[in-house]
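So the protein lines, in turn, are chains H and Y. Taking our numbering, I'd label the letters of the first sequence as residues 7 to 126. Taking our numbering, I'd label the letters of the second sequence as residues 23 to 134.
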Amino acid sequence: QVQLQQSGAELVKPGSSVKISCKASGYTFTSYDMHWIKQQPGNGLEWIGWIYPGNGNTKYNQKFNGKATLTADKSSSTAYMQLSSLTSEDSAVYFCARFEGYYLYYFDYWGQGVMVTVSS
Amino acid sequence: DVLMTQTPVSLPVSLGGQVSISCRSSQSLVHSDGNTYLHWYLQKPGQSPQLLIYRVSNRFSGVPDRFSGSGSGTDFTLKISRVEPEDLGVYYCLQSTHFPWTFGGGTKLELK
Numbered sequence: 007q008v009q010l011q012q013s014g015a016e017l018v019k020p021g022s023s024v025k026i027s028c029k030a031s032g033y034t035f036t037s038y039d040m041h042w043i044k045q046q047p048g049n050g051l052e053w054i055g056w057i058y059p060g061n062g063n064t065k066y067n068q069k070f071n072g073k074a075t076l077t078a079d080k081s082s083s084t085a086y087m088q089l090s091s092l093t094s095e096d097s098a099v100y101f102c103a104r105f106e107g108y109y110l111y112y113f114d115y116w117g118q119g120v121m122v123t124v125s126s
Numbered sequence: 023d024v025l026m027t028q029t030p031v032s033l034p035v036s037l038g039g040q041v042s043i044s045c046r047s048s049q050s051l052v053h054s055d056g057n058t059y060l061h062w063y064l065q066k067p068g069q070s071p072q073l074l075i076y077r078v079s080n081r082f083s084g085v086p087d088r089f090s091g092s093g094s095g096t097d098f099t100l101k102i103s104r105v106e107p108e109d110l111g112v113y114y115c116l117q118s119t120h121f122p123w124t125f126g127g128g129t130k131l132e133l134k
């Protein structure tokens, strides 16, 4: 069965960076885009961008250009998102989600989410 | 960016009742390929969102027929009939027609 297992919660200092992971299993990792979504406490959902692990191509929400960097390791079927120059506005839960293309265009499987807390 | 406006924000319901949630977009969600990429998700407390309806009116695998979606263009509706306890949570619409993809603000379905 498809599973996306994300790394654990992070407490990080303002101005620093953090890298969170999303390990995929149960499907061919290189055949599906992996997307990342942000959810601030009490707020809705915000799309960050995607990576296609097959060739490393990425696309970002312009709002997250320079903030988020998406990478993927085919050998371990793991996607990563690095967030840089962290501020309190980056405190949120971050989800990875598998994307189903081919004229469907939805997220069918999600990770459990990683809570990132930015605090001194 | 396409603004997705969901109403109501909060929706009290009695078990066994029927409710409707509205999602309106600031521009048409008809893609150049002719499809409309409007989807509905439910996020239960402490969980990740789960897909209910894709492309306006198609139920995802395992979703009961108590859930139905309709609409076109900029105006969409999710209906839930015979509400059960496991239906409680926050419902979101998502448009994946225009970049950047955007979600509605959410509708919290709760017991009266």
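Every residue gets a Cβ at the ideal spot worked out from N, C-alpha and C, and that includes glycine.
Nearest-angstrom beta carbon gap, residue j and residue i [assumed within contact, 8 Å]
i	j	result
Y113 of chain Y	T129 of chain Y	5 Å
S13 of chain H	V120 of chain H	6 Å
G117 of chain H	S70 of chain Y	7 Å
C115 of chain Y	L60 of chain Y	6 Å
T124 of chain Y	S44 of chain Y	Not a contact, Cβ separation roughly 16 Å.
Residue span of the beta strand (DSSP E) that contains residue i, given as start and end
i	result
H41 of chain H	40-45
K29 of chain H	24-31
N63 of chain H	63-66
Closest Cα partner of residue i within the set the options
i	options	result
L133 of chain Y	Y:G127, Y:D109, Y:P122	Y:D109
Q117 of chain Y	Y:Q28, Y:L51, Y:T29	Y:L51
F105 of chain H	Y:Q65, Y:Y76, Y:L64	Y:Y76
K25 of chain H	H:Q9, H:N67, H:K73	H:K73
G126 of chain Y	Y:Q40, Y:V41, Y:L64	Y:L64
L131 of chain Y	Y:R81, Y:E106, Y:F82	Y:E106
Would you list, in chain order, the members of the region 76-87 of chain Y that have their beta-carbon closer than 8 Å to a beta-carbon of chain H?
Y76, R77, F82
Anything in the region 112-129 of chain Y with a Cβ closer than 9 Å to a Cβ of chain H? List those residues in chain order, please.
V112, Y114, L116, S118, T119, F121, P122, W123, T124, F125, G126, G127, G128
For the 8 Å Cβ check, are there 3 or more pairs between the region 30-50 of chain Y and the region 27-37 of chain H?
no
Determine contact between the region 88-107 of chain Y and the region 90-98 of chain H, defined as no fewer than three beta-carbon pairs at a distance below 8 Å.
no
Using a Cβ distance threshold of 8 Å, determine whether the region 76-93 of chain H contacts the region 42-55 of chain Y, with at least three qualifying pairs required.
The region 76-93 of chain H and the region 42-55 of chain Y do not touch, with fewer than 3 CB-CB distances between them shorter than 8 Å.
Segment contact flag, the region 87-96 of chain H with the region 12-26 of chain H, C-beta cutoff 8 Å, min 3 pairs
yes
Interface residues of the region 18-52 of chain H facing chain Y [CB-CB below 9 Å]:
H41, I43, Q45, N49, G50, L51, E52
Listed in chain order, which residues of the region 72-93 of chain H have Cβ atoms closer than 8 Å to some Cβ of chain Y?
none
Between the region 23-30 of chain Y and the region 52-61 of chain H, are three or more C-beta pairs nearer than 8 Å?
no
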